[in-house]
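Notes follow the structure.
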Amino acid sequence: MRILPPRAVAVLFRSQIAALALLCATTVPAQQPPLPVEQAARQLLEREAAGLPGDVSIAVEPFQADNRLPACTGLEAFLPAGARAWGRLSVGVRCSAPIAWTVFVPARVAVIGEYLVTARPIRAGQIIGSADLIRQSADLTTLPEDTLRDESRATGKHTRFAVAAGTPLRAGMLRLPPVVQQGQNVRVISGGEGFRVSNEGRALNRAAEGEAVRVRLPGGQVVQGTARFDGAVEILP
Numbered sequence: 046m047r048i049l050p051p052r053a054v055a056v057l058f059r060s061q062i063a064a065l066a067l068l069c070a071t072t073v074p075a076q077q078p079p080l081p082v083e084q085a086a087r088q089l090l091e092r093e094a095a096g097l098p099g100d101v102s103i104a105v106e107p108f109q110a111d112n113r114l115p116a117c118t119g120l121e122a123f124l125p126a127g128a129r130a131w132g133r134l135s136v137g138v139r140c141s142a143p144i145a146w147t148v149f150v151p152a153r154v155a156v157i158g159e160y161l162v163t164a165r166p167i168r169a170g171q172i173i174g175s176a177d178l179i180r181q182s183a184d185l186t187t188l189p190e191d192t193l194r195d196e197s198r199a200t201g202k203h204t205r206f207a208v209a210a211g212t213p214l215r216a217g218m219l220r221l222p223p224v225v226q227q228g229q230n231v232r233v234i235s236g237g238e239g240f241r242v243s244n245e246g247r248a249l250n251r252a253a254e255g256e257a258v259r260v261r262l263p264g265g266q267v268v269q270g271t272a273r274f275d276g277a278v279e280i281l282p
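Residue numbering for the sequence shown follows my numbering, beginning at 46 and increasing consecutively.
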């Protein structure tokens, strides 16, 4: 048996290690770096959030470095069905090549802007005026969906119920002023193609413009129509 000198043994060992490393490099695919996944998610949210009211800030949670996903050459970010760039959400990132995979990255879109708040206690049925409102600033994504920001959408409307001071004003708290009062005599308009008929009746309920009104006609018949801005009730064919 031939015994190799120490120098030859060292050279042979190093060459075997290099060959093993080369074999591993050619058989184990590269792992997906987290940064491109995060960037794809952020860029999508930046596009989707363009035009939102207020100051927008976007935070994307770090994607796990030990993801064990093969490196991708074609990343595409998307929003799941029904999702939008608002508040907390998950952004989908899919790989199309060389091996298909899909992940979801948690993110948050904050929108700092002004909204309307009651400046004083408001009675039920009270008409809202400018003096009843003040503006505050907060992350709009944390407020109810129908929170009002435009004063013109609030002034001149009635409150449906009493509202405490400092309450964010919501569309569901308000209603248009009634154009028809219960017990009021109203003009009832009906018709079809080429003709119109006008009658008189008594309203059985109060209604704002566009709301349904039940009317009792002189003969006792009860019909239902829609309140118009001028206080008349229109029965559509």
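We put the CB at the ideal spot given by N, CA and C, even for glycine.
Take residue 165, set aside five residues on each side of it, and the residues of its chain with a beta-carbon closer than 7 angstroms to its own are 177, 210, in chain order. Nearest Cα to residue 275 within the set 179, 230, 194: 230.
With respect to the 8 angstroms criterion, residue 226 and residue 248 are classified as neighbours on the basis of their beta carbons. In this model, residue 242 and residue 250 are separated by some 22 angstroms (Cα to Cα). Assignment of beta-bridge partners to residue 192 by DSSP yields 215. Per DSSP, residue 84 is one residue of the alpha helix (DSSP H) stretching across 79 to 94. In this structure, the beta-carbon distance from residue 157 to residue 184 falls below 8 angstroms. Taking a cut-off of 8 angstroms for Cβ pairs, the region 75 to 83 and the region 101 to 119 touch, as three or more such pairs fall below it. When rounded, the separation of the alpha-carbon atoms in residue 244 and residue 162 is 44 angstroms. Under the DSSP definition of a beta bridge, residue 149 partners with 137. Nearest to residue 189 by alpha-carbon distance, out of 217, 196, 169, 263, is 217.
With fewer than 16 other Cβ atoms inside 10 Å of its own Cβ, residue 144 counts as exposed.
In its chain, beyond the 5 residues on either side, 246, 247, 249, 267 have a beta carbon closer than 7 angstroms to the beta carbon of residue 261. Checking the DSSP bridge columns, you'll see residue 102 partnered with 155. Going by beta carbons, residue 277 and residue 232 fall inside the 8 angstroms limit.
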